[in-house]
Amino acid sequence: MLGSAVGIVLKVQRVREMFHPWLPVYVKEPGHERTGHFYLFDATLGWRNVPNWTAKTRGQPLTINSRGLRDREYTLAKPLGVKRLLVLGDSFVWGYGVGDDDIFTEVLERRFESERRPWQVVNTGVSGWGTDQQYLFLKNEGFEYQPDVVLLAFYLLNDPKEVRLSDVYGLSKPVFLDTDLTLGNVPVPLPSHRKSGIESPVEHLELVVRVIEAIERECRKRNCRLVVMKFGTFVDPTFKGLSEVEEKFESKFDRLRDRVPYLDLDEEFQKRKLRTKFLVAGNEDNHWNDFGHEQVGVILGEFLDQHGLLGAGDQPKPEVQTREAGS
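First residue of the sequence shown? That's -8 in this note's numbering, and the numbers climb one at a time after it.
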């Protein structure tokens, strides 16, 4: 009976794929039975958020807008006088396990609003995406939002190793085949097809820095700034292997430091004595909880100010004091 049922499911999936792209094809992350998370197949990126989707992530509100962002609705053109910070990232940016309003991008935007600063923070994170997919999204869609600053949230544990692979988390994705960023495994095979098993011959840290360089070039063409926010060693600061990866990455990243501001979030956590257990308690797989996201929002806001990335004319506005007539 089970074998027959599985066969029927596979046949239904293949029938749906015959009509792709007219019918949506969905993919599910490992453990979806517990998390409830699923995504829309994408022949360019592998997968993406399901537009207009409302659900829960570990019991917390999860809302995807009409353009597939876990954020409110935005026009592509910026409102007059408004600037934008566009954030690229994986499940940490997407907000795994926390409610819509608790993600650090929302924390930061509320700060801007309270200080009457004309900045919007656009969250483009997708769970499981690597730096390569984030770059492709930025080129194909992200720049349509006319960002003034692009923030790349770089997770040291996953991003370097995933950038070399055509298959991660049981899902297929594009992969860069050389240092010129020749793209392979595109169009991405449909979920029912055999996985490609492609592995780029380029060393993983070299490849990821090449992708970051490409992001910086694309930003420069459009007169916007790139900022890199690195994190990962906070998971276990005593783990020597992870520290070695960090050192090698930062050594390669040095060639970008003169033009790309670099926020070492792990270092900031240590300076502020923010212990891992307080940043992730109650969530899964070392994802930040509400408190963790709040701290990231505060740290990021301070960093942007300190490096003048919000513009000299966009400093906090003082509260206007009103006086009654005759007082």
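Here a beta-carbon is modelled for each residue, glycine too, at the ideal position from N, C-alpha and C.
Under DSSP, residue 38 takes part in a beta bridge, and its partners are 32. No Cβ-Cβ contact shorter than 8 Å links residue 121 with residue 157. In this structure, residue 41 sits away from residue 78, with a CB-CB distance that is not shorter than 8 Å.
Using a Cβ-Cβ distance cut-off of 8 Å, the region 102 to 113 and the region 175 to 195 are not in contact, since fewer than three pairs of beta carbons, one from each stretch, lie closer than that value. Straight-line spacing of the CA atoms in residue 59 and residue 115 works out to 8 Å. Closest in alpha carbon position to residue 248, among 261, 204, 258, is 204. The shortest C-alpha to C-alpha distance from residue 96 to any of 299, 301, 287 is the one to 287. Residue 202 is positioned such that its CB atom lies no closer than 8 Å to that of residue 174. Rounded to the nearest angstrom, the Cβ distance from residue 83 to residue 144 is 6 Å, consistent with a contact under 8 Å. Under the three-state reduction of DSSP output, residue 131 falls in the helix class. Take residue 224, set aside five residues on each side of it, and the residues of its chain with a beta-carbon closer than 7 Å to its own are 147, 233, 234, 237, 257, in chain order. Closest option to residue 134, judged by alpha-carbon separation, among 66, 52, 254: 66. About 15 Å separates the beta carbon of residue 155 from that of residue 127, a gap too long to meet the 8 Å contact definition. Judged by their CB atoms, residue 16 and residue 162 are not nearer to each other than the 8 Å cut-off. In the assembly as shown, residue 264 is an exposed residue. Its beta-carbon has fewer than 16 other beta-carbons within 10 Å.
Around the beta-carbon of residue 297, fewer than 16 other beta-carbon atoms lie within 10 Å, marking it exposed. Residue 182 counts as buried, since at least 16 other C-beta atoms from the protein chains shown sit within 10 angstroms of its C-beta. CA-to-CA, the gap between residue 85 and residue 220 works out to about 15 Å. Taking residue 252 as the centre and dropping the five residues before and after it, the same chain places the C-beta of 218, 298 closer than 6 Å to its C-beta, in chain order. Restricting attention to 57, 52, 24, the CA atom closest to the CA of residue 39 is found in 57. It is roughly 29 Å from the alpha-carbon of residue 51 to the alpha-carbon of residue 151.
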